[in-house]
Amino acid sequence: MAASDKILLIEDDREIASTLRSVLEAAGYDVTHAPNGKEGQRLIQEVKPALVVTDMMMPQLGGFPVLEFIRQLENPPKVIMITANEGGRHKAYAEMLGVSDYLRKPFAMDVLLEAVERALSRGKSPADEAPKPKKLSRKKAD
Numbered sequence: 036m037a038a039s040d041k042i043l044l045i046e047d048d049r050e051i052a053s054t055l056r057s058v059l060e061a062a063g064y065d066v067t068h069a070p071n072g073k074e075g076q077r078l079i080q081e082v083k084p085a086l087v088v089t090d091m092m093m094p095q096l097g098g099f100p101v102l103e104f105i106r107q108l109e110n111p112p113k114v115i116m117i118t119a120n121e122g123g124r125h126k127a128y129a130e131m132l133g134v135s136d137y138l139r140k141p142f143a144m145d146v147l148l149e150a151v152e153r154a155l156s157r158g159k160s161p162a163d164e165a166p167k168p169k170k171l172s173r174k175k176a177d
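Quick note: to get my numbering, add 35 to the position in the sequence shown (first position is 1).
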């Protein structure tokens, strides 16, 4: 985990949000909270998180419009969707929109932390973090 791993938590239930935020902060993440999708969209642009953890069902814009919004960004953050919904079609749609993980409530906090770690480490390989080699220019033969 990098010190710069910012997480935006979009969750309308205050108790759930408080618990998740406490667990994520205790694990060393920098967490910002939005109580609904509309505020979440604003904070995605302002905070530029590495990861968004969003509930699916919320007032004032749910998780799917947030995913659709994120999908249009030039450098979108990774996303974990959390929900109490059992529907398989919702999971399939979330995966089509590019979620890194889909967690059904209730879930254990270690399951959340593992999902966060996986999402933040995806796409990072030693080759990604190594300096890029310079292109060699070919000299013209005389």
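Every residue gets a Cβ at the ideal spot worked out from N, C-alpha and C, and that includes glycine.
Proximity of residue i and residue j at Cβ, strictly below 9 angstroms
i    : j    : result
E74  : I45  : yes
G63  : T89  : no
I105 : P94  : no
L155 : A85  : yes
L102 : L132 : yes
N110 : M91  : no
A129 : G97  : no
I42  : T67  : yes
I115 : K140 : no
Residue i - containing beta strand (DSSP E), residue span
i    : result
K113 : 113 to 118
E139 : Note on residue identity: the sequence assigns Arg, not Glu, to residue 139. First-last of the beta strand (DSSP E) with R139: 136 to 139.
D65  : 65 to 69
L44  : 41 to 45
Boundaries of the alpha helix (DSSP H) in which residue i is found, first to last residue
i    : result
K126 : 123 to 131
K83  : It is not in any alpha helix (DSSP H) - K83 carries neither H nor E in the DSSP assignment.
L55  : 49 to 61
L155 : 144 to 156
P100 : 98 to 106
Closer than 8 angstroms: residue i CB and nearest the ligand FMN heavy atom
i    : result
G133 : As for the ligand FMN, it is missing from this structure, which has no ligand bound.
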